[in-house]
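The structure appears below as structure tokens.
There are 2 protein chains.
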Amino acid sequence: MANDNDLMEKLVSLCKRRGFIFQSSEIYGGTGSVWDYGPLGVELKNNLKAAWWRAMVHERDDVEGIDAAILMHPRVWEASGHVAGFTDPLVECRNCHRRFRADNPEIQEGQCPVCGTKDAFGEPRMFNLMFKTFMGPVEEAAATVYLRPETAQGIFVNFQNVLTATRQRVPFGIAQIGKAFRNEITPGNFIFRTREFEQMEMQFFVEPGSDEEWFEYWKARRMEWIVSLGVRRERLRFNEHSPEQLAHYAKRAFDIEYEFPFGWNEFEGIHNRTDFDLRRHQEYSGKRLEYIDPADPNHRYIPYVIETSAGADRTVLVILADAYREEEVEGEQRVVLALDPKLAPIKAAVLPLVRKDGMPEIAERIHRRFREAGIPTAYDDSGSIGRRYRRQDEAGTPFAITVDGQTLEDDTVTVRDRDTLRQERIAADRVVEYVRERTV
Amino acid sequence: MANDNDLMEKLVSLCKRRGFIFQSSEIYGGTGSVWDYGPLGVELKNNLKAAWWRAMVHERDDVEGIDAAILMHPRVWEASGHVAGFTDPLVECRNCHRRFRADNPEIQEGQCPVCGTKDAFGEPRMFNLMFKTFMGPVEEAAATVYLRPETAQGIFVNFQNVLTATRQRVPFGIAQIGKAFRNEITPGNFIFRTREFEQMEMQFFVEPGSDEEWFEYWKARRMEWIVSLGVRRERLRFNEHSPEQLAHYAKRAFDIEYEFPFGWNEFEGIHNRTDFDLRRHQEYSGKRLEYIDPADPNHRYIPYVIETSAGADRTVLVILADAYREEEVEGEQRVVLALDPKLAPIKAAVLPLVRKDGMPEIAERIHRRFREAGIPTAYDDSGSIGRRYRRQDEAGTPFAITVDGQTLEDDTVTVRDRDTLRQERIAADRVVEYVRERTV
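The following block contains the structure:
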């Protein structure tokens, strides 16, 4: 891709200008790799999460949702292997005491890139990526808890509770959307790698032996889903983990990658986690986590798990990067976010052509009808109509509804389509339904 | 109220049995005062948050949403006063080193209630209720960050960014739903006081002098809202903070209280925070946080803030406690959650009267149509029809759709209303619309 750094800069700038994404605590100089969603960003992200929840939970009989807490019992992370193994090798400068990843190419010469000391580093030490904190009023080891580094474990420890309450039978899944935290040494690329992030995860419990078939099933489904949101297929690919890349719990793993402006990178993974997690939690908790077939009590086993794990923020970035277009239309340059109407933060803009002749009053009335229906719309009467279209193009608003001279005569309005630029005249009292049918 | 402890126990037990709320990390003995939402709980809570967002953001022109991160710049909490002032006085036992709130009636005699040591306590010391952690790979003071103890500050530090991106004019508000964390010394009462919790907050920025009028406006609106969700008015009341109770930033404050089984307690507050927060952030960040009237650039001021701050988990508890009923119907005892249909986790249950004569096939077909429409429904064919009704009553499901002998003849089904118990026969191909109109 041409001008890739340039494109990221433009995207970050548009995100701030239009209110999609702001740097966290910006008035204090920002927080390392943490971002806040602004008025348009929170709508986009909520719409994305709702689309995922609908596809993964509401449209299916065999997946239940949960929302487990961020703070969990510390033994969970011993069982999962995170306390012992969720580490990066770091070296520390003997002069300024700053730490760096041992595989950082900047320090290959042994010189500290910050203070310039030569032969600055000793042997690498392992650094755990979990954020730790203390629960209760005593700061001691017994009270140390971690901010979860993945949402998955909240699902595993609730496996029996969900099974009992819902009377589901294997195969079935548990889905969850929630925050996770990793003390990344080298965060970056805007909202791609951040220390606080949100996951959309689903763990599907299957009988051992049927796991490979279910793995293929979910791999196909998840690719279909992202394509169904309008992301261009040629910018998506699978990347299979080699045996050396596989996590300790995984039998097989595929990433779904997108061609970001900074290169191909994963935003979702499909993993065959085997029975690793449930078996470990059974061992560490002393509680039986077997599944007993209701039709045959002698048929019992610890289920295998097929996991689909998507980064919500990364998927937002996929959607934004893929939707970003620079085009020449109507004789001028425009930037447009060609967002799927289901995901667009604002569904329609209501624009009086001029601020007189009663047009604002009619436009305000239409706008109010959208609000009462709970459909997010914008009202804009400032600047030329062309300039107002451009503003809505940058926000990704699928429809612009203009109240003009003819509206005063026959009570129709024009509806402009963001992508085709085609204008259609329809009755003013039909616009709410027209927009709802095409955007919700 | 009679049998109040009893009622809480029954509610906690129903919440576990039906999958509303589980104890966090239960297989490890639980985590101090942290709870997980199960399959029905996550739907109830999501529906509640969606109703709040619709009323506060989507239906209004003058409120914008955001979603700020949990981890913020540490200076934020110096400016807000939390580093210096968000503390409880604690005493420590000189023998076992356990700490207790100095106002704990159990320790008035000076004896440690845990190890029994006499004259165990010295002078109280102040303990900060913020959870702290370390960002980046170095554990030192410079890298200390806090889990936010309230979402409000994420709104204040984004005030200028939101203003610029949206071109709103004062008066306008910023709304947010998100997690906050407080290291409470004495958590308890189920999901009422927990260390990890979710807030639904809105900060409304007004010109000084108009603040009292807006305070009254929002106080009335927020009470209307909770009543609109079906909560009984006689169990709701306002409680004004006395001058001694007012927080350091507040000019006036009212709680909205509910009569829980454990007594009257607040679940939402309306606060006049004056210009305290913006003024402090201006001082600490060195950034101008004034509002400049676009119509008159000489008219500039730091806005006052009227805040509406609701606990999402506490409001879930209000909804559950208020909906819980024990009744005698159809000659037997039933427990029913009389939830507002908009909030109910499952909108309808589809029940074949018997497991033969083609009834399951028809019921499954109806069930599938609900799923395709994204409407959460249950399919249940096990046990007597009365028992299946009881199960759905406990889940708060507003409608039960039964496929029976007559369905085979004329393609109609019965729809049973959870509250009135009235049954209506309607055409099978109309049930999805029937339920959607009454529940979404």
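Going line by line, the protein sequences match chains A and B.
Numbering follows this note's numbering, in which position 19 of the first sequence is assigned residue number 20; successive positions increment by one, without gaps.
Numbering follows this note's numbering, in which position 7 of the second sequence is assigned residue number 8; successive positions increment by one, without gaps.
From the three backbone atoms N, C-alpha and C, an ideal C-beta is built for every residue, glycine too.
Just so we're clear, the structure is a prediction, and the values are computed from it rather than from any experiment.
Query, Result
"Reduced DSSP secondary structure (H/G/I, E/B, other) of R426 of chain A", "strand"
"Residue of B:L338, B:H368, B:E333 minimising C-alpha distance to A349 of chain B", "B:H368"
"Of the residues B:L340, B:V355, B:A429, the one placed nearest L45 of chain B, counting alpha carbons only", "B:L340"
"Contact set between the segment 247-271 of chain A and chain B, restricted to residues whose Cβ is under 8 Å from the partner", "none"
"Cross-chain neighbours of S26 of chain A in chain B, by beta carbon under 7 Å", "M73, H74, V77, V158"
"Any 3 or more C-beta pairs closer than 8 Å across the segment 323-338 of chain B and the segment 376-384 of chain B", "no"
"Chain B contacts from the segment 405-418 of chain A (Cβ-Cβ distance under 9 Å)", "none"
"Which of helix, strand or coil DSSP assigns to D68 of chain B", "strand"
"Own chain residues within Cβ distance below 7 Å of G359 of chain A, not counting five before or after", "L409"
"The beta strand (DSSP E) enclosing D37 of chain B, as first and last residue numbers", "36-38"
"Contact set for K133 of chain B: own chain, Cβ-Cβ below 6 Å, skip 5 residues either direction", "T145, Y147"
"Minimum Cβ-Cβ distance from H83 of chain A to chain B less than 8 Å", "no"
"Within-8 Å CB hit, R95 of chain A to chain B", "no"
"Alpha-carbon spacing of L91 of chain A relative to D294 of chain A, whole angstroms", "48 Å"
"Burial state of P298 of chain A (16 or more Cβ within 10 Å)", "exposed"
"Rounded C-alpha distance that separates F397 of chain A from R417 of chain A", "First, the amino acid is wrong: residue 397 of chain A is Gly here, not Phe. Rounded to the nearest angstrom, the two C-alpha atoms are 13 Å apart."
"Residue environment, E185 of chain A, which counts as buried when at least 16 other CB atoms sit within 10 Å", "buried"
"Chain A within 8 Å of D166 of chain B, Cβ atoms only", "Here residue 166 of chain B turns out to be Ala, not Asp, going by the sequence shown. It does: the Cβ of A166 of chain B has a partner Cβ on chain A nearer than 8 Å."
"Contact under 8 Å by Cβ, T275 of chain A with Y292 of chain A", "no"
"Distance between beta carbons of G30 of chain A and N162 of chain B, contact taken as under 8 Å", "Their Cβ separation, rounded to whole angstroms, is 14 Å, which puts N162 of chain B and G30 of chain A out of contact at 8 Å."
"N96 of chain B - containing beta strand (DSSP E), residue span", "Unbroken run through N96 of chain B: none, as it is neither H nor E."
"Touching by the beta-carbon criterion (3+ pairs, under 8 Å), the segment 76-88 of chain B and the segment 275-290 of chain B", "yes"
"For W54 of chain B and R431 of chain B, the rounded distance between their alpha carbons", "30 Å"
"Delimiting residues of the alpha helix (DSSP H) encompassing D394 of chain B", "386-396"
"Rounded Cβ spacing between P353 of chain A and V404 of chain A (contact assumed at less than 8 Å)", "5 Å"
"Where the segment 114-143 of chain B meets chain A: residues whose CB sits under 7 Å from a CB there", "F128, F132, K133, T134, M136, G137, P138, V139"
"Nearest to A181 of chain A (by Cα), restricted to the options A:F400, A:L72, A:G66", "A:L72"
"Classification of M2 of chain A by the beta-carbon crowding that lies within 10 angstroms, buried from 16 upward", "Caution applies to M2 of chain A, whose pLDDT of 44 falls short of 50 and renders its modelled position unreliable; the model cannot decide the point."
"Test: R19 of chain B CB closer than 8 Å to a CB of chain A", "yes"
"V77 of chain B: first and last residue of the uninterrupted alpha helix (DSSP H) it sits in", "76-80"
"Integer Cβ distance of R1 of chain A from D323 of chain A, believed to fall under 8 Å", "Here chain A has residues from 2 to 441 only, and residue 1 of chain A is not among them."
"Closer than 7 Å at the beta carbon, the chain A residues around T32 of chain B", "L72, M73, H74"
"S310 of chain B, DSSP secondary structure in three states", "strand"
"Helix, strand or coil at A3 of chain A according to DSSP, with G and I counted as helix", "No answer about A3 of chain A holds up, because its pLDDT of 44 lies below 50 and its placement is not dependable."
"Identity of the residue in B:E258, B:K252, B:Q154 nearest R234 of chain B by Cα", "B:E258"
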